[in-house]
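Colleague: One structure, pasted below without further comment.
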Amino acid sequence: MSWEVVIGLEIHVQLNTTSKLFSGSKLSTGAEPNTQASLVDLGMPGTLPVVNREAVRKAALFGLAINADICRHSVFERKNYFYPDLPKGYQTTQLDKPVVGAGEVEIQLESGEKKIVRIHHAHLEEDAGKSLHEDFHGMTGIDLNRAGTPLIEVVTEPDMRNAEEAVAFARKLHAIVTSIGICDGDMSQGNMRFDVNVSIRRPGDALGTRTETKNLNSFRFMERAIKLEVERQIDVLEDGGEIVQETRLYNGDTHTARSMRSKEDANDYRYFPCPDLLPVEITDADLDALKASMPELPDTRKARFLADYQLSEYDADLLSGDLATAAFFEVAAKAGGDAKLAANWVMGELAAKLNAEEKTINDSPVSADQLGQLIARLKDGTISSKIAKQVFEACWAGEGDPDAVIEAKGLKQMSDSGELEKIVDDIIANNAPQVEDYRSSDDAKKKKKIGFFVGQAMKATQGKANPQQLNALLKEKLG
Amino acid sequence: MHTKTLTELKAGLAAGEFSSRELTEHFLGRIQQFDADINSFVTVTEQQALAQADAADAALAAGKGGLLTGLPIAHKDIFCTEGVRTSCGSKMLDTFIAPYTATVVEKMAAEGAVMLGKTNMDEFAMGSSNETSYYGPVKNPWDRERVPGGSSGGAAACLGARLAPAATGTDTGGSIRQPAALNGITGLKPTYGRVSRWGMIAFASSLDQAGPMGLSAADCALMLQAMAGHDHRDSTSLNEKVDDYLGALNDDIRGLTIGVPEEFFPDTLDGAIADNSREAIRELEKLGAKVVSVSLPSIKLSVPAYYVIAPAEASSNLSRFDGVRFGHRCDDPQDLEDLYKRSRSEGFGDEVKRRILVGTYALSAGYYDAYYRRAQQVRRLIRDDFARAFEKVDVLMGPTAPETAFKLGDKKDDPVSMYMADVFTIGVNLAGLPALSMPTGFIKGLPTGTQVIGNYFREGQILNVAHKYQQATDWHKQAPVLGGAK
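This is how it looks when you write it as structure tokens:
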């Protein structure tokens, strides 16, 4: 009998506000330890929090993007526990009245099938600092730059049934939060962190005991961690054992996981409403303003890509998912005057190159405008697709715009028919046996054998001959 | 000079009868002479005070004075003062030099006040006798065998002893009003949110409120004028206009309705205390006020509700004292748990530990509903009781404390009996209302006080009532005899 896998996710999304959730400190980006930590962030006696309205606005915008109820009087609570990088001895978070209530997100699977993942709620909370265990012999360093960074924690219902669905959901969430501009979406910087709750059961049975694997910071690690945990749970249950409710840690480098703490060791967090903060009010006017300012959502963008650019469903899905990619594509498509070519280049050559060099599209050495220019030259026949790759490489290496590269390297296609005709004549004159052989062949064979002459011509022109023109010319001359 | 009120000293400075330096030196001299015995100061900031006094004299000479220019003031050691130790009466913060200044201190300094030093207090403001201070108990200047009350005991005692002409205090359950009553001075707890809590070390955030303590209602009005106001750094500070407290002092009180809650005069109350407050109310009646009886049926639940809510908040507020970033840190911690356990065990005193334990318990899973949630419900009932009463009356009056100053050590081992010292003051904090205590006489040579409670943001009105009373009486002018020199 088969097992059914049940997955729920909790995702920490770091908001890209100017300052922290409860203090005026700037969000830290690689600053020296403790240089972006104010009196409030340090938890100094007598200091008090003040809610950053920009963070509330961004959280509510997310709520609207997933069709959720927005709580008009959401409440911050204190989650009490001791940890060295938690300066106040409590985390200010939300429990009973989170800013974002129940909502839903539609995901599309590779099979083309669509599925709704329900969102239980999303709440605002502050991040903790970092404990630094290296470089301090026998001691731990504390860096509070990150303390107080605003997060929304998105909690799903246990609606996913395998790792693929979980990853599809995670990618969709990434697309939404980057599209509405509330998160930079840089996974390598921990902008999104996933906790996965996994349980298995026989189909039709009640939910099994779940485990939580914490702090996965890439889609790939999340997928692998889920698969590993599912395998482990199946092994345990099929060996007659029981699943223990516990928190687990996954190590992506070794592809192993271990138990961090069991339910019995869980803290009693003693939540209670934070008396230093008033309920956060969101008015009708606030909501109207947010709705009016809502940027294009991934689903809307995909529909537009399908309609405006006649892309395939698959291309539209891939290109609309990530805001930066979508924007890059649109600029390139418009500048190049050919959406299909632009789509192919963005998902093909560009994606491969970015991947190989572990760069994001924002760091692409070839700009969207440059790619557009390259596509325009392809489209108007100035260069062939083979030459285009050469031009792209040169642009990537920083040798200038495509036009400049084509000019400097003399890569323009030979479209002067007189010049090309002379080359073709020479080839025919110098390769009599091949010409004889060609002429005595039937049409099917001719199609194959013309390749020899094309190759010779390309060699003679260093690839610059216009392929269509060359073909026509050869057919005419060879008969 | 020390027999004068702050208002009189302000006039003296303006008239050039004495300089701020002379005034400051005079009080610094009295502190040096008498405070070894009374122990009302934890830190005396002599150099800083003299520098501020000189600056004040220069400002006065240039005709550029503020509300408090040149007037010496003592701050409770719960307010952060940049560059000066801010101990909160605890070993935990014995070496803590605050890196910033509280709004209250900042605002008073901006009006030209001269800081004499930081006053002794119950540890983290937890206590009603000033016996929980790491720096030893404060003695009541009227009888040095007795407590000054608490937690603003140092502030009240230094005023009673005329070692300072004005002081700041904080009041979470009666910590301004009860010691004011026990030392024969006037103290006001403003409406919750009227005075900023920024820089005031938190005990119970939803109840803590800073306020003025002085020799008269007029002095408190002068100080409150400088202290009150919205502060964007405190989300619970209210953006309400600050009234003209000084201007309202002489308002006519004829026709004013005084409500007397029967619950403030229970059968069990000491007859002398009850008689004293009734007499004070009669005095106001003579001045034209009407007196009616009212009932606050839920007020009897205020002590148990308070002793859930305040410790619950405190247990969380005091978590930051963990030995990691500031405050006491144990020697040679073996590991993280050892660091936490020993730093906190060594740094906190018994009463603080007791309240952290009570508060932690009250918030624990399985107990939250029975304690914390229930206490919050009681709090709403108490607030509703007061709201109903204020539909009919302008102010409420009754005794501030159920007894006069008790002997040092008398209640030290009986926390519940100690907690009952605040039975009449705690309800006001739970409701967030303003209230003051004014001296209304003596019982067996010890001062006693009567509380005047106002509706939200009616500080001006209760100061007006107290001022009228003080114009007709002279209890507030009585001072104890200190070691022969008066």
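Line by line, the protein sequences give chains A and B.
Under the UniProt record's numbering, the first residue of the first sequence carries the number 1, and numbering increases by one thereafter.
Under the UniProt record's numbering, the first residue of the second sequence carries the number 1, and numbering increases by one thereafter.
For each residue, glycine too, the CB sits at the ideal point set by N, CA and C.
(1) What span of residues does the beta strand (DSSP E) with A:L132 cover, start to end?
(2) Chain B beta carbons: is any one of them nearer than 9 Å to that of A:V50?
(3) What are the start and end residues of the beta strand (DSSP E) that includes A:R78?
(4) Under DSSP, the alpha helix (DSSP H) around A:V454 begins and ends at which residues?
(5) What residues from the stretch 170-198 of chain B come within 8 Å of chain A, judged by C-beta to C-beta, listed N to C?
(6) Taking C-beta to C-beta, are B:G174 and B:N120 nearer than 9 Å?
(7) For B:Y372, which residues in chain A fall below 8 Å Cβ to Cβ?
(8) Out of B:A180, B:S151 and B:A217, which one is the CA nearest neighbour of B:Q471?
(9) Between which two residues does the beta strand (DSSP E) harbouring B:A435 extend?
(10) Give a yes or no on contact between the stretch 105-117 of chain B and the stretch 239-257 of chain B, applying the rule of three or more CB pairs nearer than 8 Å.
(11) Does A:T47 have its Cβ less than 9 Å from a Cβ in chain B?
(12) Please classify A:I234: does DSSP put it in a helix, a strand, or coil?
(13) Which runs of the beta strand (DSSP E) spanning at least 3 residues fall entirely within the stretch 343-409 of chain B, listed in chain order?
(14) Consult DSSP for A:S199 and reduce its assignment to one of helix, strand or coil.
(15) Anything in the stretch 128-140 of chain A with a Cβ closer than 9 Å to a Cβ of chain B? List those residues in chain order, please.
(16) Mark B:R388 as exposed unless 16 or more other C-beta atoms lie within 10 angstroms of its C-beta, in which case mark it buried.
(17) Looking only at its own chain, which residues have a Cβ that is under 6 Å from the Cβ of B:T5, when we skip the five neighbours before and after it?
(18) Compile a chain-ordered list of the residues in the stretch 71-83 of chain A whose CB is closer than 8 Å to at least one CB of chain B.
(19) Among the residues of its own chain, which have a CB less than 6 Å from the CB of B:T236, if the five just before and after it don't count?
(20) Sorted by chain position, which residues of the same chain lie with C-beta nearer than 8 Å to A:A285's C-beta, five sequence neighbours on each side aside?
(21) Please say whether B:I201 and B:C80 have beta carbons closer to each other than 9 Å?
(22) With a cut-off of 8 Å, do at least 3 Cβ pairs link the stretch 325-340 of chain A to the stretch 126-134 of chain A?
(23) Just to make sure I have the definition right: I need the residues of chain B whose C-beta is within less than 8 Å of the C-beta of A:I406. Which are they?
(24) Use the C-beta contact count for A:S188: other C-beta atoms within 10 angstroms, 16 or more gives buried, fewer gives exposed.
(25) Would you list the one or two residues that DSSP bridges to A:K26?
(26) Per DSSP, what kind of secondary structure is A:H255 in: helix, strand or coil?
(27) Check each candidate in A:K447, A:L318, A:L9 and A:I375 and name the one with the smallest Cα separation from A:F169.
(28) Restricting to runs no shorter than 4 residues, where is the alpha helix (DSSP H) found entirely within the stretch 269-312 of chain B?
(29) What whole-angstrom Cβ distance do B:T268 and B:K290 have, given they're in contact under 8 Å?
(30) Using beta carbons (cut-off 9 Å, strictly below), is A:G148 in contact with chain B?
(31) What do you get for B:Y134, buried or exposed, if any count of 16 or more other CB atoms within 10 angstroms of its CB means buried?
(32) Look at B:R188 and B:P212 and say whether their C-beta atoms are less than 9 Å apart.
(33) If we require 4 or more residues per run, which alpha helix (DSSP H) segments fall completely within the UniProt domain "Asn/Gln amidotransferase" (327-478) of chain A?
(34) Quick one, are the C-beta atoms of A:V75 and A:P275 less than 9 Å apart?
(35) Can you tell me whether B:M213 is helix, strand or coil according to DSSP?
(36) Roughly how many angstroms separate the alpha carbons of B:Y367 and A:T93, rounded to a whole number?
Modeller: Checking against the coordinates, here is how it stands:
(1) Here residue 132 of chain A is taken as the residue at index 132 of the first sequence, counted from 1. Annotation for A:L132: the continuous beta strand (DSSP E) segment containing it runs K130 to L132.
(2) For the purposes of this step, residue 50 of chain A is taken as residue 50 along the first sequence, with counting starting at 1. Yes, its Cβ sits closer than 9 Å to a Cβ of chain B.
(3) Position 78 of the first sequence, counted from the first residue, corresponds to residue 78 of chain A. Going by DSSP, A:R78 is part of the beta strand (DSSP E) stretching over E77 to N80.
(4) The residue you call residue 454 of chain A lines up with position 454 of the first sequence. In the DSSP annotation of this structure, the continuous segment of the alpha helix (DSSP H) that includes A:V454 starts and ends at D443 to T461.
(5) Residues R197 and W198.
(6) Counting from one through the second sequence, the residue named residue 174 of chain B turns up at place 174. Counting from one through the second sequence, the residue named residue 120 of chain B turns up at place 120. Not in contact: B:G174 and B:N120 (Cβ atoms no closer than 9 Å).
(7) In the second sequence, counting from the first residue as 1, residue 372 of chain B sits at position 372. Correct list: F272.
(8) As a first step, residue 471 of chain B is located in the second sequence; it is residue number 471 there, counting from the start. Of the listed residues, the one whose Cα sits closest to B:Q471 is B:A217.
(9) Indexing the second sequence from 1 puts residue 435 of chain B at position 435. Looking at the DSSP string, the run of the beta strand (DSSP E) that includes B:A435 is A435 to I443.
(10) When Cβ pairs closer than 8 Å are counted between the two stretches, the stretch 105-117 of chain B is seen not to touch the stretch 239-257 of chain B, the count staying below three.
(11) By one-based count along the first sequence, residue 47 of chain A stands at place 47. Yes, A:T47 counts as interfacial toward chain B.
(12) Counting from one through the first sequence, the residue named residue 234 of chain A turns up at place 234. In the displayed model, A:I234 falls within a helix according to three-state DSSP.
(13) Here the runs fully enclosed are 395-399.
(14) Position 199 of the first sequence, counted from the first residue, corresponds to residue 199 of chain A. A:S199 falls in the strand class under three-state DSSP.
(15) For the stretch 128-140 of chain A, residues whose beta-carbon sits nearer than 9 Å to a beta-carbon of chain B comprise T140.
(16) The residue given as residue 388 of chain B occupies position 388 in the second sequence. Under this definition B:R388 is an exposed residue.
(17) Indexing the second sequence from 1 puts residue 5 of chain B at position 5. Setting aside the 5 residues that flank it on each side, B:T5 is surrounded in the same chain by L215, S216 and D219, each with a C-beta closer than 6 Å to its C-beta; the list follows chain order.
(18) For the stretch 71-83 of chain A, which is checked against every Cβ of chain B, the residues closer than 8 Å are R78, N80 and F82.
(19) Numbered from 1 along the second sequence, position 236 holds the residue referred to as residue 236 of chain B. Hits under 6 Å: G193.
(20) Taking the first sequence and counting its residues from 1, the one referred to as residue 285 of chain A is at position 285. No residues qualify anywhere along the chain.
(21) As a working note, residue 80 of chain B is residue 80 in the second sequence. As a working note, residue 201 of chain B is residue 201 in the second sequence. Yes, these two residues count as a Cβ contact at 9 Å.
(22) No, the stretch 325-340 of chain A does not touch the stretch 126-134 of chain A.
(23) What you label residue 406 of chain A is simply residue 406 of the first sequence in a count that begins at 1. Those within 8 Å of A:I406 in chain B number zero; the least Cβ separation is about 59 Å.
(24) Position 188 of the first sequence, counting from 1, holds the residue named residue 188 of chain A. A:S188 is exposed by the Cβ-count criterion.
(25) Counting from one through the first sequence, the residue named residue 26 of chain A turns up at place 26. DSSP, once it has assigned bridges, lists A:S19 as partnering A:K26.
(26) What you label residue 255 of chain A is simply residue 255 of the first sequence in a count that begins at 1. The DSSP-derived three-state label of A:H255 is coil.
(27) Taking the first sequence and counting its residues from 1, one reaches residue 169 of chain A at position 169. With distances taken between Cα atoms, A:F169 lies closest to A:L9.
(28) As far as the stretch 269-312 of chain B is concerned, its whole alpha helix (DSSP H) runs of at least 4 residues are 271-286.
(29) Translated into the one-based positions of the second sequence, residue 268 of chain B becomes position 268. Translated into the one-based positions of the second sequence, residue 290 of chain B becomes position 290. The Cβ separation is near 28 Å, so there is no contact.
(30) Against the first sequence, residue 148 of chain A aligns to sequence position 148. So no, A:G148 is outside the interface.
(31) The residue given as residue 134 of chain B occupies position 134 in the second sequence. Buried, by the Cβ-count rule.
(32) Indexing the second sequence from 1 puts residue 188 of chain B at position 188. Indexing the second sequence from 1 puts residue 212 of chain B at position 212. First, the residue type needs correcting, since residue 188 of chain B is Leu and not Arg in the sequence shown. B:P212 is positioned such that its CB atom lies closer than 9 Å to that of B:L188.
(33) Taking only runs of at least 4 residues, the alpha helix (DSSP H) segments lying wholly in the UniProt domain "Asn/Gln amidotransferase" (327-478) of chain A are 339-345, 351-356, 368-379, 385-396, 402-409, 417-430, 432-439, 443-461 and 467-478.
(34) Locating residue 75 of chain A in the first sequence gives position 75, where the first residue counts as 1. Locating residue 275 of chain A in the first sequence gives position 275, where the first residue counts as 1. Inclusion of A:V75 and A:P275 in the CB contact set at 9 Å is not warranted, their separation being larger than that value.
(35) For the purposes of this step, residue 213 of chain B is identified with residue 213 of the second sequence, where counting begins at 1. It is a strand residue.
(36) As a working mapping, residue 367 of chain B is identified with position 367 in the second sequence. As a working mapping, residue 93 of chain A is identified with position 93 in the first sequence. One C-alpha to the other measures close to 21 Å.
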